[in-house]
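Report on one structure; see the data block that follows.
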Amino acid sequence: MKRFLAAACFTVLTVLSATICIAAPGTIKIGALFSVTGPPSFLGEPERNTAKMEVDEINAKGGINGKKIELIVYDTTGDATKAVQAANRLIKEDKVVAIIGPSTTGESMAVLPVAEKEQIPLISCAAGSKITDPVKKWVFKTAQNDGLAVAKIYEYLNKKKISKIAIITVSDGFGSSGREQLKVNAAKFGIQIVEDSTFGPKDTDMTAQLTKIRGSQAQAIICWGTNPGPAMIAKNVKQLGIKLPLFMSHGVSSKKFIELAGDAADGIILPSGRVIVSDVLPSSDKQKKSLIAFVKDYQKHYKTEGDHFGGHAWDAVMLLKNAIEKGGETPSQIRDQLEKTQNIAGIGGIFNFSPTDHAGLSKDAFVLVQIKDKDWALVK
Amino acid sequence: MRFLNSEILKFILLALFILILPHVAHEGYLLNVLVFVGIHSILALALNLLLGYAGQISLGHAGFFGLGAYISGILTATYSLNPWIAMLIAASVVTLLSFAVGFPVLKLKGHYLAMATLGLGVIIYIVFNEAVDYTGGPSGLSGIPNLSIGTFSFDTDIRNYYLIWTFALIAIALSLNLVHSRIGRALRAIHDSEVAARVMGVNARLMKVQIFALSAGLSAIAGSLYAHTMTFVSPASFGFNFSVELVTMVIIGGLASIYGSLLGAALLTVLPELLRAFQDYDIIVYGLLLIIMTMFMPGGLAKGFPQAASYLRTRFGKRSSPDA
Amino acid sequence: MELSDQIAQYLVSGLSTGAIYALIGLGFAIIYNSTEIINFAQGELVMLGGMFALFFINFLHLPLPLAVLSAVASTTAAGVLFERLTIRPLKAATPLSLIIITIGGSILIRGIAMLVWGKDTHAIPAFSGTEPILIGTATILPQHLWIFALTLLAIAMNKLFFNYTITGKAMRACAVNKRAAGLVGIDVRKMVLYSFAISASLGSLAGIIVAPLTMTSYDVGIMLGLKGFCAAIIGGLSAGAGTVLGGLLLGVLESLGAGLISSGYKDAIAFIILLLILFIRPQGLFGKAETERV
Amino acid sequence: MLEVRKLTQRFGGITALEDVSFTARKGLITGVIGPNGAGKTTLFNVITGIYSQTSGSVHLDNADISRIPAEMLAARGLVRTFQNIELFGNMTVLENVMLGLHSRSSSGILSCMLKMPWHVKEEKYIRQQASEWLDFSGITDLSAQKAANLPFGKGRLLEIARAMAVHPSILLMDEPAAGLNNSETHELAVLIRKIRDKGVTVVMVEHDMELVMDICDRILVLNLGRMLAEGTPREIQENPAVVAAYLGEG
């Protein structure tokens, strides 16, 4: 009996001590949910780094309307359960006025009902189009819809008169969303998917799938995934001596991919945000200024190149800052102002929100790039 | 009879504690954590029946939990079935399925059993990911309704808290009855010496399979509760990691201890909240905890507290007198 | 392309991935055969091997042979340390507590690796180029040959060590009966330590040699470890040909499954086959049946 | 009555038992002796269904029990103790004995969980019977102890109490006196006689010749898996083949 009571007291105490938290007066609290660890850490880590960097910068310049921003980041490890717990904590415990993230579509879909119920604006950094389609009152997103990237590739294929393709997608949230969009949009562009295969995020050899593709009628291969799988595929394609043109998704538009795939990366074409080609953009490009600022900053702080995943968080912070400056700092003021966002150039593209569109980007958010001599080149 | 009374008293105290807790505790966020503590308690309890009492490891329980969640979720979100009926179907299907699979699986022992259950968990996880048309694939299944009675819907934290803890208390009461019965004794006997148990007339094989099915069925109910509370499910919550987490809850709480399961579940659910301060370091703390608990507190918290207390007392006593 | 050509490629691909599983499975089997411990952290030792190699090659710019040696030495030290700190102090070691401790160890090692090397994936240059080698109509990479060679070498060394050296024989004695081995004067704890050292060095060697193919990151050990464990179980946990055949079989089944049935379900197919094997022949496809003693 | 007919047991190439036949008559104490490796424990393992024999058969009260699995034999009145006492260490002494009544109770998982009235009644009966058997073995004062904490001699008594709780018609004891001191062995002899007086047939493997000659009614001698002799203690003592086998070993 005594033992049980002691244990119970212990538990309660730990819980209580966890919830004690002191808020600094005169700050605006913004919450963030990123999968800093776990399988999607390739998204969460640059997102957290970027968000922190940008908030520090805003605070260094005096904050928003004279108030400092306090950014509270929780790690969700890619797990929907943890994401929901963390969202509840941000809203009910930390009393944030808005939430940035989560990083993946799955987590975003899990957190979405919480945001709606508690009436807190949420700016997701995930790409899945179902996050904002149909439109939810409190939910926005900054990552470009996968459908836009798919359209960019399909347009190019049409131009090159290629109509039969094979797709190979990773079996996680990113890949399955891409796979869905590839299938949905194919008919519209008169493209036929003759081979549809997948690979696991931790697979180390995809020659089996590629051998099957080699045996099919496909005239091109589209691979949808994030590192390291696609690099493996590029190498396997080379090993098998497959001569078909290889397309990748924006999931690998970072120097890391070129480093991993080595020589095998040469010639691969992919849609990408403008980040990686910021220096070769024409100076008339509206995004160029913010892109170059972001890339430089990130390089300075974290010693590696900023990528467009970090860009999603950058855009989210920027949009929030903008909304708070113009609208006010209560959740509903922020939401209303976010919806009025027009023509703001960020990292991912130019944002135009409206009551019927909470995704805000057009397919011009993407450019097609080709890998040449271990560097990016714009495809005209 | 004294033993019976103290058991009942303990249970009533726990029930009162749970009843009052939301009124004492911080509103809002803590309540949400306590909802998950409840779900995890049911899961730890279910696994403890198998692992702690019958001594059979399962590294695939997250799979059964997930099956419960997905069956319930799909039936209600896609086929608009009543959530209660869906929960019943989920529990029955998982119980029957695990009963059938249990016969070949529980023939295995030790690491072979660990591997087989792990394999089961992985297969179930892959199905969640790949059967996109039904499960929604890696990005999950949304639009699952809350449980409701008439027009009263369990859609707030406080309502879910009482709903889930009602289930947890029932599960605790039933488990307490079970472990103090001939079945409970037979399970522990199998754990200690399977041969001797069989000679005493315990059908070890059948008993193990039955408890495996019961454990899986209970996990499925927890899964169903989870799905209707979260209103969303995705595969990442039901992977190998979560199976290990469940085993950890049982070990840390105390093998073959019903209340220990509660402690383990509470600690492991609250711990990540505390560790948020550490961010990237929590995985290390987690691994260390698993090792240290197994090494120094094999009885878990339920037995470890008194153990540690008496250890400290003797240590302290020794120090006050000159070293002998 | 002809179906037969495709199948030839599936087989060759399967064999080359299978060799990776086999090599990792051998690490499991060696520890098991001298201690009856299944080391769930074996996959993490494989990962450490790759990570250390990366560190020595890319950061310290050591020549390849020296980098490999240093990486093996570092991982072996880690394996020994793990045994000394967790397995040895354990008083009442039950199979359950050992499973849990080694799982805890794997999480810990993974966590430390994540902090030290970050979460990125890294590439290691291939030992002798990436020009594909043609076998009939199928192709493999030079690195695969290294893997095959190392696997053969590992089996041979293993046979020699366990059959012809005193220490090797003593370790086998410990596996059969710890108490009896102790009574005839064998230092059982030392033997346990040795087997951890051996399997850590074999695991790290495997990790180094597969890294140019699979690339390496802090969490690469989970899947590799799991597949290696499968290979060992299929092979009846024998520290020799059984496990190698198990690994090759697993690789080929996966590759055929991905090519002919469904790429999404290929891991499920592999695990279903593993379960069937466990159900029908729990002693493994190539193991001998053992009678339970009372 | 237990009857063993032409029992043969092989493990791979090794023959542990060959063509062993004997009868343990109702209400008597039958001793099984023989040098180490004679196959005594194997014989018990075959009879109790833990091994399945290569050929031959085992009959209990004229019913063939050769292919009946171990867990079904308790209900038929056949039970055994083990050489290295197999107690349920994590359970209390009382609970150990209560387990002996497992085969004589029948509540299923559901009725146990729901505490159905018949289950409560059954549980009461089990508890009362168990205390009686503790009393019978003279270890009532230890009933709340954990079995793992018992000294070896008491553990032996507990194992016997547990076996008796099954209500056996035949009790097989594997070296009951092993590890006991003189006074404990004496206590044991008294207890075994008490068991026989309750009408239980006893078959025991034993190395302690003094004990065997003292309490056994019939003796069976095994050597290298074969039957060497069978008879009363006096006949066995005078059998030259037996003497040779024991001398040969010593």
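Chains as they are written, first to last, in my numbering: chain B, 1 to 380; chain L, 381 to 704; chain U, 705 to 998; chain Y, 999 to 1248.
Don't be surprised by glycine CBs; every beta carbon is placed ideally from N, CA and C.
Please work out which residues of its chain come closer than 7 Å, Cβ to Cβ, to residue i, disregarding the five sequence neighbours upstream and downstream, and give them in chain order.
i: Gly-310(B); result: Pro-46, Glu-47, Asn-49, Thr-50, Tyr-298
i: Ser-832(U); result: Pro-846
i: Trp-138(B); result: Ala-115, Glu-116, Gln-119, Ile-120, Pro-121, Leu-122, Arg-335
Residue i: which of the options sits nearest, CA to CA?
i: Asn-526(L); options: Leu-477(L), Ser-452(L), Val-502(L), Ile-398(L); result: Ser-452(L)
i: Phe-445(L); options: Ala-470(L), Ile-663(L), Ser-522(L), Val-582(L); result: Ala-470(L)
i: Gln-710(U); options: Leu-800(U), Leu-845(U), Ile-839(U); result: Ile-839(U)
i: Ile-692(U); options: Lys-970(U), Ser-801(U), Phe-831(U), Gly-815(U); result: Only positions 705 to 998 of chain U appear in the structure, and residue 692(U) is not among them; the question remains open.
i: Ala-761(U); options: Gly-747(U), Glu-748(U), Val-776(U), Leu-749(U); result: Residue identity check: residue 761(U) is Ile in the sequence provided, not Ala. Nearest of Gly-747(U), Glu-748(U), Val-776(U), Leu-749(U) to Ile-761(U), Cα basis: Val-776(U).
i: Ser-1053(Y); options: Lys-1196(Y), Asn-1060(Y), Arg-1065(Y); result: Arg-1065(Y)
i: Leu-647(L); options: Ala-395(L), Phe-416(L), Phe-391(L), Leu-399(L); result: Phe-416(L)
i: Glu-787(U); options: Ile-859(U), Tyr-868(U), Gly-809(U); result: Gly-809(U)
i: Ile-938(U); options: Gly-988(U), Leu-979(U), Leu-909(U); result: Gly-988(U)
i: Ala-442(L); options: Ile-400(L), Asn-428(L), Val-575(L), Ser-599(L); result: Ser-599(L)
i: Ala-1254(Y); options: Val-1002(Y), Ile-1012(Y), Phe-1080(Y); result: An answer regarding residue 1254(Y) cannot be provided, because it is not within the stretch 999 to 1248 covered by chain Y.
Does residue i come out as helix, strand or coil in the three-state DSSP assignment?
i: Met-919(U); result: coil
i: Cys-21(B); result: Here Cys-21(B) scores only 40 on pLDDT, less than 50, and its place in the model should not be relied on; the value that follows carries that caveat. Coil, per DSSP.
i: Ile-242(B); result: coil
i: Gly-306(B); result: coil
i: Phe-140(B); result: strand
i: Ala-723(U); result: helix
i: Asp-709(U); result: helix
i: Tyr-74(B); result: strand
i: Cys-125(B); result: coil
i: Glu-835(U); result: coil
i: Thr-1046(Y); result: coil
i: Thr-226(B); result: coil
i: Ala-1022(Y); result: strand
Is residue j closer than 7 Å to residue i when the C-beta atoms are compared?
i: Ala-726(U); j: Ala-935(U); result: yes
i: Leu-148(B); j: Phe-351(B); result: no
i: Thr-27(B); j: Glu-70(B); result: yes
i: Met-1114(Y); j: Leu-554(L); result: no
i: Ile-1168(Y); j: Thr-1199(Y); result: yes
i: Ile-44(B); j: Ser-103(B); result: Looking at the sequence provided, one finds Gly at residue 44(B) rather than Ile. Yes, they are a contact pair.
i: Gly-346(B); j: Met-318(B); result: yes
i: Ala-607(L); j: Ile-524(L); result: yes
i: Ser-35(B); j: Thr-76(B); result: yes
i: Pro-355(B); j: Glu-329(B); result: no
i: Thr-1046(Y); j: Val-1201(Y); result: no
i: Leu-493(L); j: Ile-437(L); result: yes
Name the chain B residues whose beta carbon is nearer than 7 Å to that of residue i?
i: Glu-510(L); result: Ser-171
What in chain U is Cβ-close to residue i, meaning under 8 Å?
i: Pro-525(L); result: Result: empty, since nearest Cβ-Cβ is about 29 Å, beyond 8 Å.
i: Val-624(L); result: Ile-807, Ile-811
Residue i touches chain U at which residues, Cβ-Cβ below 7 Å?
i: Gly-490(L); result: Pro-799
i: Asp-205(B); result: Ser-717, Thr-721
Closer than 6 Å by C-beta to residue i: which residues in its own chain qualify, once you throw out the five before and the five after it? Chain order, please.
i: Ser-254(B); result: Asp-307
i: Phe-247(B); result: Ile-153, Ile-222, Ile-269
i: Ala-723(U); result: Ile-851, Phe-852, Thr-855
Identify the contact partners of residue i in chain L, using a Cβ-Cβ distance below 8 Å as the criterion.
i: Gly-128(B); result: Ser-519
i: Asp-971(U); result: Val-502, Ile-506
I want to verify the contact list: residues of chain B whose CB lies under 8 Å from the CB of residue i, in sequence order.
i: Ser-617(L); result: Asp-79, Ala-80, Thr-81
i: Ile-663(L); result: Thr-37
When you compare the CB of residue i with every CB in chain C, is at least one pair closer than 7 Å?
i: Thr-497(L); result: Absent from the structure is chain C; the protein chains it does hold are B, L, U and Y.
Residue i touches chain B at which residues, Cβ-Cβ below 9 Å?
i: Phe-612(L); result: Ala-80, Val-84, Gly-106, Met-109, Ala-110, Val-111, Leu-112, Pro-113
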